[in-house]
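Enquirer: I am attaching a structure below and will ask some questions about it afterwards.
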Amino acid sequence: MSEEILVNVTPMETRVAVVDNGATQDIHIERSASLGMVGNIYAGKVVRVMPGMQAAFVDIGAERTSFIHVSDIHDPAAEGRARGTGAIGDYLHEGKKVIVQVTKDPLGSKGARLTTELSVSSRYLVFMPQSDHVGVSQRIDDVDERTRLQGLLAEGLVAEGMEGEGGYILRTAAEGVGLEEICVDLRFLKRLWAAVSRRAKAARKAELLYTELPLHMRTVRDLARPGVEKILIDSRESFTALQEFCTAYMPEVSGLLEHYAGERPLFDLHGIEDDIQRALARKVELKSGGYLIIDQTEAMTTIDVNTGSYIGRRNLEETIFKTNLEAATVLARQLRLRNLGGIIIVDFIDMQDEEHRRQVHRSLEKAMARDPARNKITAVSELGLVEMTRKRTRESLEQLLCEDCPVCMGRGVLKTAETICYEIFREIMRDARAYEADKLLVLAAQGVIDRLLDEESANVADLQEFIGKSISLRVEPDNNPEHFDIVLL
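Quick look at the structure:
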């Protein structure tokens, strides 16, 4: 496996592409305008305590003061007691310096929600400096794997000389990792927390101590795994920041960083822009001439496999088998590229041969095994369907870059001009009965008016005679194709 990570940085957004042997596998996008505060750690100052609400307002240097409830305050002496049973005045007073972490972004007129129970994350671990708890993500449900991971963490803590320095949670992404990956994360967290602690001690006013890493740094932290040959960054400023970050926290990665200074845009050079556009399309062409139709809905994603123009060389069954094999590999890449999660139903072309079904299933499992997102795949059913689940890790590419069409309201289809004409006829009948008017004026889109003047002209004439009123037609060029108005004159 030969992977490259490409990082494109502009003031508006940062985009990251993971390229494996020349093929784009993953796209990550972070926009400056939508950055939140959740996870940020601040040195704050209590500005007001409200005993009646068991809460306090804290100035963290943001536009609005933030809010903390007594149940979100860490109390080392409260072992075994229910959270929030103490009085807010026992912990905070006006003017007190407090180190807090944001748990909920500001919303409307409300400030951010805070906690003093601090944590920082790496790829596989969450470190909780004020706790001694060691746990495993509930999403890892295999008992043997949970036990194995806890043993690895204990071994890693001894190896790094970090026993008794805080609590840890093994994240879902840790499933299947080895001791070396755990130790790399432990070293990273040790350096990171030491830096946050130094800033906290030095802080004399409300200020930011730690922010969740920006995308290009999270990329290095989470994706710089064995097999990555280089990390190309097209921004000199971001490249320098990454060098400093790696030197301080991940020195083993520093040698992979390269600054790209070419005239041609980095994503254009590697074909990433074209891959992004294709990943937003409903239809995915296969090299054989077949194609996939991918539909993302609220409940699930469906993928339909079709032979298209591929006619094969031997017989129909062989043609279907070859198309399904190619589709299995391509759809696995498309799921990663589009970041589709949840329930996924794949409708392969029906295969009569049981061995062919098994081979297609094995091919799909092999392709999905390289996907970092956890997934489960059922065997090909009697109907030729494969049911899958893929862990949702973030918004899909479509959700991030697109919005519902304001014309069809997300349906993906529009009513035909014929359908709109018949709706207009029914509306004219209602208006003619309900209101007194000599004339009616129909305002509609060009295609609808054209049909009323041509194919439906006889029906318009019959309707005028039936209601005893004249009907005029006028094109509204800016009209939604489905929208029309009837004006009484």
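Reading the sequence shown from the start, the letters are residues 1 to 489 in my numbering. For every residue, glycine included, the Cβ atom is placed at its ideal position computed from N, Cα and C.
Would you say the beta carbon of ARG451 is closer than 7 Å to some non-hydrogen atom of the ligand SAM?
Expert: Among the components of this structure there are no ligands whatsoever, and the ligand SAM is therefore not found.
Enquirer: Which residues bound the alpha helix (DSSP H) around ASP431?
Expert: 417-434
Enquirer: Taking C-beta to C-beta, are VAL380 and VAL407 nearer than 8 Å?
Expert: No. Outside cutoff.
Enquirer: If you draw a straight line from the alpha carbon of ASN324 to that of LYS287, how long is it in whole angstroms?
Expert: 12 Å
Enquirer: Pull up the DSSP beta-bridge partners for GLY167, would you.
Expert: MET128
Enquirer: Whole angstroms are fine: how far does the CA of ARG336 sit from the CA of GLY80?
Expert: Any answer about GLY80 is weak, because its pLDDT of 49 lies below 50 and its placement is not dependable; what the coordinates show is given next. The straight-line gap from Cα to Cα measures roughly 44 Å.
Enquirer: Taking all protein chains shown into account, decide if PHE321 is buried (16 or more other Cβ within 10 angstroms of its Cβ) or exposed.
Expert: buried
Enquirer: Check for me: the beta strand (DSSP E) holding PHE484 runs from which residue to which?
Expert: Residue range 484-488 is occupied by the beta strand (DSSP E) that includes PHE484.
Enquirer: Under the rule that 16 or more other beta-carbon atoms within 10 Å means buried, what is PHE484, buried or exposed?
Expert: buried
Enquirer: When burial is assigned at 16 or more other CB atoms within 10 Å of the CB, is LEU192 buried or exposed?
Expert: buried
Enquirer: For the alpha helix (DSSP H) that contains ARG191, what are its first and last residues?
Expert: Segment 179-202, the alpha helix (DSSP H) holding ARG191.
Enquirer: Cα separation between GLU63 and PRO11?
Expert: 22 Å
Enquirer: Beta carbon of GLY39, beta carbon of GLN130: below 8 Å?
Expert: Between GLY39 and GLN130, the C-beta gap is not smaller than 8 Å, which leaves the two residues out of contact.
Enquirer: Are at least three pairs of beta-carbons, each pair with one atom in the segment 286-303 and one in the segment 252-260, less than 8 Å apart?
Expert: In the pairwise beta carbon analysis, the segment 286-303 is classified as not touching the segment 252-260: fewer than three pairs are separated by under 8 Å.
Enquirer: So, for SER32: in the same chain, excluding its five sequence neighbours on each side, which residues have a beta-carbon less than 7 Å away from its beta-carbon?
Expert: PRO11, MET12, GLU13
Enquirer: DSSP state of LYS96, grouped into three classes?
Expert: coil
Enquirer: Mind reading off the beta-carbon distance from GLN54 to ILE88? Whole number of angstroms is fine, and I expect it under 8 Å.
Expert: 5 Å
Enquirer: In three-state terms, what does DSSP make of ASP90?
Expert: In the structure shown, ASP90 sits in a helix (DSSP, three-state: H, G or I).
Enquirer: Return helix, strand or coil for ALA545, following the three-state DSSP convention.
Expert: Nothing can be reported for residue 545: it is not among the residues displayed for the chain, which extend from 1 to 489.
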